[in-house]
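Here is the structure we will look at, set down as structure tokens.
Number of protein chains: 4
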Amino acid sequence: MALSEMTTDAPRRGRPRSERSQRAILRAASDLLLEHGLSEISMDAVADRAGASKATIYRWWPSKELLVLDALLSEWASGTADAVDTGSLAGDLHELILPWTRQLTTKPWGRVIAALVASAQCDAQFAEEYRAHFVKLRREPGRTALVRASERGEIAADTDVDAALDLLYGPFYHRLLHGHAPLTERFARTIVEYVVAALSSPGRERR
Amino acid sequence: MALSEMTTDAPRRGRPRSERSQRAILRAASDLLLEHGLSEISMDAVADRAGASKATIYRWWPSKELLVLDALLSEWASGTADAVDTGSLAGDLHELILPWTRQLTTKPWGRVIAALVASAQCDAQFAEEYRAHFVKLRREPGRTALVRASERGEIAADTDVDAALDLLYGPFYHRLLHGHAPLTERFARTIVEYVVAALSSPGRERR
Amino acid sequence: MALSEMTTDAPRRGRPRSERSQRAILRAASDLLLEHGLSEISMDAVADRAGASKATIYRWWPSKELLVLDALLSEWASGTADAVDTGSLAGDLHELILPWTRQLTTKPWGRVIAALVASAQCDAQFAEEYRAHFVKLRREPGRTALVRASERGEIAADTDVDAALDLLYGPFYHRLLHGHAPLTERFARTIVEYVVAALSSPGRERR
Amino acid sequence: MALSEMTTDAPRRGRPRSERSQRAILRAASDLLLEHGLSEISMDAVADRAGASKATIYRWWPSKELLVLDALLSEWASGTADAVDTGSLAGDLHELILPWTRQLTTKPWGRVIAALVASAQCDAQFAEEYRAHFVKLRREPGRTALVRASERGEIAADTDVDAALDLLYGPFYHRLLHGHAPLTERFARTIVEYVVAALSSPGRERR
DNA sequence: TCCTAACCGAGACGGTACGTCGCGTCTTAGG
DNA sequence: CCTAAGACGCGACGTACCGTCTCGGTTAGGA
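Chains as they are written, first to last, in the working numbering: chain A, 106 to 312; chain B, 106 to 312; chain C, 106 to 312; chain D, 106 to 312.
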């Protein structure tokens, strides 16, 4: 509902928007998304399953991609989980990464995200929307943790934070999207360990 | 041509396959791919531009995805570039990564690859084909370099090679697919540096 | 419109069928039919000329044959011309046959009908539809005239009415479909004369 | 074989035409014709079933229609049956009509002929070929019989022979092509009887 | 005994049309 | 003003035939 809510201050006249339809549409989209790929689901099918009309969907969501993005967000409504300060970089990153990977692997969201990533390639506007809600949302807490670690002197002051964030998140997206190996908890711990080691390497510190 | 070539030893009967058509089709696919996204290009358009008939395309490529994969491979025909032994892990990884990122950034292949990644989510067979030709092809030289580094004692013997490879390649795919930051040479150098630092960290070695 | 109209009493929901499209499609079909043979016209061409979409055509007519049949009927909408009672068999048959042959010869319907006849050979359902709307529609007034003549004693009571109707209509269809000779008014008069002679022959009456 | 035989006097060099293929093709065409309609059979299917190549078919028959016509003629190779002089018009017509209707009804040739008739509508050259081999072939003996009857004084000297032939054959083609009633022997006898009555009607003679 | 012309099968080729499906828009009636 | 229903124009899908075109082989007569 995050995306389709355009809060106008005007005291809306006429029949109000049906919450029932809205929920049914997002639910239908989510369900179909887990069964098929984004390109395999049709607006007709969503409308059908939701018992809604296509016109109603298009009235509130300008495209299939944004509908799906909204459906995804409404499924993951919780979970922003502002960075907890555990006192160490390793601890902070664990707190960020482990719940996130668990969320990613409970259901086949990988293909949904992959499809959104693909859609984003041809639609700059949607790309921005997607990045704002998916990528940055996760990176910002990570950035906070890195800055804290830098202030504590745990990592170098001249650390390339953006590259470091890519070093952290990249491996997960890589496995999620390419599927060449599973996204296990063990893998998550290993990556966090490597990232911490990379950034806190004495060799770098001395430079 | 890698994919559509099924070398049968049997003495081919009937009219032989037209190499001209084959090339024209792959070229048309490549060209269109650089102009539009995978989902925006139609088989009709490819056939039209290639001066071929749709039937001919479907005779040799079972799906748009495999055609596009083939087109991509034929564009990048060269470039496997077996791992050069420079004597150091950092040198080896540079030799692998820098030419590859240069190749990725000369043309807008990002969206093509993203679309292929998306397609792979819903088609296990294509996913395997894609991974074999795109992902593994790049990982194997990296694996070789890591094994050499391990044998030289440059990195720990118990290094998780698969995770390390994801640590190396993940950040590049991340930026390529999400587009939140550019794939610069500077970025490549930084990531290689971090990866080397992560694996050769004295803290790890002593353990 | 006769064929594609399924009058349901239910209070029609949703957007109503577009009469404009319907008319344009039938018109396009008629026009193309007069220029080419049934097998030369394509649904694409009909859709194009009608400014309609193929889906709309297929929504209302299950096959090209039924569309063409409908187009033909809508062109000949009038003209059933219930048998007029002129007091004599010869007069009645003239009233039936002459306007009909004029209708048949004003435009090149011959090849259209021939094509429909051919199509009917392979599709029993369409054959029935065709016969009901084309053949029987004309035979019934003829049958009425014959029965009247029989009641008047003009022809034998034991006349084989079906054979007599074939004797009457067969020669016209023969020339129409085979084209070995023209369907002139003179020919029509001659056939009617022969048929009346055949049925009212004293030789037969006495038997 | 009648149609595809262009007897050149030149002493053909090279490999002679394969009679085996020719027979197989005609047989395949006949078989498929009895199972499906002309428009349902494809040259590919004929080639396949005959174990021949499409090129071979097109080398000898310029179109599907002419191939089918040839196949039909080769099935009915015999049967021209020059008019027998029985001494009476009724007898002569019986001799002509009864064997012919028997031939027409033994197998579902009706639809084949109907399809040829339809094809003839759009191809004047084929139409002529068809009429020459199918229609005229039957009409000529009929014409002979009528002329004899006229000379004997059995029918009027001013009889319109062409119309009379249409009166005779039309009803059969009508039932054959429209299928509204069966082509029984009883029907044949009735039509012949009516035709004789029509032509020999005293009313006409005296006029 | 070769040579070579004409045939043969197999099967790929550029096309055209098929009938279906999904898109995003529209036009109804009704809450 | 919103909703469900559903028809609309559009355009791509993957398939089936069309008639043509190479191929490698085969089968004759003439050299």
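The beta carbon of each residue, even a glycine, is placed where N, CA and C say it ideally should be.
Note that this is a predicted model, so its numbers are computed, not measured.
Are any of the Cβ atoms in chain B nearer than 7 angstroms to that of residue i?
{"i": "A/Y299", "result": "yes"}
{"i": "A/Q142", "result": "Sequence inspection shows Gly at residue 142 of chain A; the Gln mentioned does not correspond to that position. Judged by the 7 angstroms Cβ criterion, A/G142 is in contact with chain B."}
{"i": "A/V240", "result": "yes"}
When you compare the CB of residue i with every CB in chain C, is at least one pair closer than 7 angstroms?
{"i": "D/L137", "result": "no"}
{"i": "D/R309", "result": "Confidence in D/R309 is poor, its pLDDT being 47 and thus under 50, which makes the residue's placement unreliable; the coordinate value appears in the next sentence. Closer than 7 angstroms: yes."}
{"i": "D/G196", "result": "no"}
{"i": "D/A302", "result": "yes"}
{"i": "D/R125", "result": "no"}
{"i": "D/G119", "result": "no"}
{"i": "D/R312", "result": "Residue placement at D/R312 cannot be trusted, given a pLDDT of 38 that sits under 50; the coordinates are not used to answer."}
Could you confirm whether any beta carbon from chain A is found closer than 7 angstroms to the beta carbon of residue i?
{"i": "B/R122", "result": "no"}
{"i": "B/G156", "result": "no"}
{"i": "B/A134", "result": "no"}
With a cut-off of 7 angstroms, does the C-beta of residue i fall near any C-beta of chain D?
{"i": "C/D263", "result": "no"}
Alpha helix (DSSP H) containing residue i: first to last residue?
{"i": "D/R125", "result": "124 to 140"}
{"i": "D/H228", "result": "Sequence inspection shows Asp at residue 228 of chain D; the His mentioned does not correspond to that position. Element bounds for D/D228: n/a, residue is neither H nor E."}
{"i": "B/K169", "result": "169 to 180"}
{"i": "A/W166", "result": "Unbroken run through A/W166: none, as it is neither H nor E."}
{"i": "A/L198", "result": "194 to 211"}
{"i": "B/V297", "result": "290 to 305"}
{"i": "C/D267", "result": "266 to 283"}
{"i": "D/E245", "result": "241 to 257"}
{"i": "B/A155", "result": "148 to 155"}
If residue i and residue j are in contact, beta carbons under 8 angstroms, what's the gap, nearest whole angstrom?
{"i": "A/A303", "j": "A/T206", "result": "Not quite, the Cβ-Cβ distance comes to about 19 angstroms (not below 8 angstroms), so this is no contact."}
{"i": "D/A155", "j": "D/A133", "result": "4 angstroms"}
{"i": "A/L272", "j": "B/I296", "result": "6 angstroms"}
{"i": "C/L221", "j": "C/L288", "result": "Going by Cβ atoms, the distance from C/L221 to C/L288 rounds to 17 angstroms, so no, they are not a contact pair."}
{"i": "D/S147", "j": "C/S144", "result": "Contact doesn't hold; Cβ gap of about 14 angstroms is too wide."}
{"i": "D/A315", "j": "D/A129", "result": "In this structure chain D extends from 106 to 312, so residue 315 of chain D is not present and cannot be described."}
{"i": "C/L131", "j": "C/P213", "result": "Not a contact, Cβ separation roughly 18 angstroms."}
Item to check | Within 8 angstroms of chain B by C-beta, residues of the segment 267 to 296 of chain A in sequence order | outcome: Within the segment 267 to 296 of chain A, those residues whose Cβ lies closer than 8 angstroms to any Cβ of chain B are, in chain order, D267, A268, A269, D271, L272, Y274, G275, P276, F277, Y278, H279, R280, L282, H283, G284, H285, A286, F292, T295, I296.
Item to check | the segment 248 to 256 of chain C in contact with the segment 252 to 261 of chain D per 3-pair CB rule at 8 angstroms | outcome: With a cut-off of 8 angstroms, the segment 252 to 261 of chain D and the segment 248 to 256 of chain C do not count as touching, because too few Cβ pairs lie within range.
Next on the checklist: Within 8 angstroms, do at least three Cβ pairs link the segment 225 to 237 of chain A to the segment 271 to 291 of chain B?
Outcome noted: Yes: the two stretches touch, three or more of their Cβ pairs being nearer than 8 angstroms.
Checklist entry - Quick check: the segment 228 to 244 of chain D against the segment 161 to 177 of chain D, are there 3 or more CB pairs under 8 angstroms? => result The segment 228 to 244 of chain D, when compared against the segment 161 to 177 of chain D, does touch it at the 8 angstroms Cβ threshold.
Checklist entry - What are the residues of the segment 204 to 238 of chain C that lie near chain D, defined by any Cβ-Cβ distance shorter than 7 angstroms? => result Those would be G215, R216, A219, A220, V222, A223, Q226, C227, A232, R236, in chain order.
Checklist entry - Any contact of the segment 235 to 252 of chain A with the segment 237 to 249 of chain B, i.e. 3+ C-beta pairs under 8 angstroms? => result Taking 8 angstroms as the limit for Cβ pairs, the verdict is that the segment 237 to 249 of chain B does not touch the segment 235 to 252 of chain A.
Checklist entry - Three or more C-beta pairs closer than 8 angstroms, one from the segment 193 to 207 of chain A and one from the segment 195 to 202 of chain B: is that the case here? => result Under the 8 angstroms Cβ criterion, the segment 193 to 207 of chain A does not count as touching the segment 195 to 202 of chain B, having fewer than three qualifying pairs.
Next on the checklist: Tell me which residues of the segment 144 to 173 of chain A have at least one Cβ-Cβ distance to chain B shorter than 8 angstroms, keeping chain order.
Outcome noted: Among the residues of the segment 144 to 173 of chain A, those with a Cβ less than 8 angstroms away from any Cβ of chain B are S144, E145, in the order of the chain.
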